[in-house]
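> Chains as they are written, first to last, in my numbering: chain A, 1 to 112; chain B, 1 to 116.
C-beta: ideal position from N, C-alpha, C; glycine also.
Note that the coordinates shown come from a computational prediction; the quantities given were computed from them, not determined experimentally.
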Amino acid sequence: KNEVEQSPQNLTAQEGEFITINCSYSVGISALHWLQQHPGGGIVSLFMLSSGKKKHGRLIATINIQEKHSSLHITASHPRDSAVYICAVPPPLDASGSRLTFGEGTQLTVNP
Amino acid sequence: KAGVTQTPRYLIKTRGQQVTLSCSPISGHRSVSWYQQTPGQGLQFLFEYFSETQRNKGNFPGRFSGRQFSNSRSEMNVSTLELGDSALYLCASSEVLAGGSTGELFFGEGSRLTVL
């Protein structure tokens with residue numbers, strides 16, 4: 001099983017601030033997922049990445065395979081970014097990559 | 001494309017009953033995964049189906065089972081319900097990539113089960 005640690009658990013920011021959420025895992029992986037969950041339960045996949053960096057709008061995800069660490073950055077944060085952000089990784093040797101272990105999530109609140 | 005559809009959205013059962021939840025994936029997606037989310041345990045992987053076969057399974061008792069049909073729609077069943085089975089059950093569909101691994105996950109809205 002892959003151990004996943006996210007930090008911080010809770011994060012409060014002012015609108016416009018730059019946000020960073022971190023995720024560390026214990027063993028090598030094929031890919032890492034960043035997910036966003038809004039109140040009410042719906043989950044949206046933000047990124048799936050196995051190396052380097054991906055960008056989508058104001059969201060940027062990076063991964064360092066050697067250090068087993070990934071970060072999710074939000075530039076120019078907005079109150080609508082308020083949600084729980086979750087990283088998830090599969091165990092090593094899981095050819096399907098589907099048996100994900102999830103971090104506990106980071107509750108982000110962005111105040112206007 | 002229509003998104004992932006889960007039914008029912010809400011349901012209430014009593015201990016000892018059984019429940020069946022349904023998940024219709026995005027058209028063309030052949031992998032369906034199921035997850036349980038509780039306040040105490042967070043998100044946990046239940047199982048994944050691909051081409052009507054269970055390809056991966058999490059650490060849940062045999063009371064939790066599932067299947068996938070030829071049109072990729074999937075169902076999960078929980079028998080002999082316990083209070084602790086109260087949870088949000090989410091499914092996600094994905095394409096299967098060239099090497100056989102699952103791609104980006106697309107989640108349904110979930111089925112919220114309350115066991116009394």
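Between L46 (chain A) and chain B, is there a C-beta pair that is closer than 7 Å?
It does not; no Cβ of chain B falls within 7 Å.
> Out of B:D85, B:F107, B:T102, which has the shortest C-alpha to C-alpha gap to P61 (chain B)?
Nearest of B:D85, B:F107, B:T102 to P61 (chain B), Cα basis: B:D85.
> Which runs of the beta strand (DSSP E) at least 3 residues long sit entirely within the stretch 35 to 106 of chain B? Give them in chain order.
Whole beta strand (DSSP E) segments, 3+ residues: 42 to 50, 53 to 57, 64 to 68, 74 to 78, 87 to 94.
> Beta-carbon within less than 8 Å of V96 (chain B)'s beta-carbon, same chain only, minus the 5 sequence neighbours each way: which residues are those?
R30, S31, F50, T102, G103, listed in sequence order.
> Taking 7 Å as the CB-CB limit, is S98 (chain A) close to chain B?
Cβ-Cβ to chain B under 7 Å: yes for S98 (chain A).
> Alpha carbon to alpha carbon, what distance is there between P25 (chain B) and I182 (chain A)?
Because chain A spans 1 through 112 in this model, residue 182 (chain A) falls outside it and cannot be assessed.
> Would you mind giving the Cβ-Cβ distance between A92 (chain B) and L105 (chain B), rounded to the nearest angstrom? I have them listed as a contact below 8 Å.
At roughly 4 Å, the Cβ-Cβ gap stays under 8 Å, so A92 (chain B) and L105 (chain B) are in contact.
> Compute the distance between the beta-carbons of F63 (chain B) and T38 (chain B), then report whether it is under 7 Å.
Note on identity: in this sequence residue 63 (chain B) is Arg, with Phe being the wrong assignment. Contact flag unset, no.
> How is R80 (chain A) classed by DSSP in three states: helix, strand or coil?
Note: R80 (chain A) maps to helix in three-state DSSP.
> In angstroms with no decimal places, state the Cα-to-Cα distance between D81 (chain A) and K54 (chain A).
Cα-Cα distance, rounded: 18 Å.
> How is Q9 (chain A) classed by DSSP in three states: helix, strand or coil?
If DSSP states are grouped into helix, strand and coil, Q9 (chain A) belongs with coil.
> Determine the closest residue to S70 (chain B) out of B:E82, B:G3, B:G16, B:S27, with distance taken between C-alpha atoms.
If we check each option's Cα against that of S70 (chain B), B:S27 comes out closest.
> Give the residues from the stretch 98 to 115 of chain B that approach chain A closer than 9 Å (Cβ to any Cβ), ordered along the chain.
Result list: G99, G100, S101, T102, G103, E104, L105, F106, F107, G108, E109, G110, R112.
> Would you mind stating whether A83 (chain A) and Q36 (chain A) have Cβ atoms separated by less than 7 Å?
Cβ distance < 7 Å, so A83 (chain A) and Q36 (chain A) count as in contact.
> I need the straight-line Cα distance from L59 (chain A) to Q54 (chain B), nearest angstrom please.
Spanning the two alpha carbons is a distance of roughly 34 Å.
> So if I threshold CB-CB distances at 8 Å, which residues from the stretch 18 to 35 of chain A count as touching chain B?
The residues in question are S30, A31, H33, L35.
> What are the partner residues of S22 (chain B), as DSSP defines its beta bridges?
Its beta-bridge partners are B:T7, B:E75.
> Any heavy atom of the ligand MN closer than 6 Å to the Cβ of A92 (chain B)?
Although the ligand MN was asked about, the structure shown includes no ligands whatsoever.
> Answer yes or no: do V89 (chain A) and L32 (chain A) have a C-beta to C-beta separation smaller than 7 Å?
Against a cut-off of 7 Å, the Cβ pair of L32 (chain A) and V89 (chain A) comes out as a contact.
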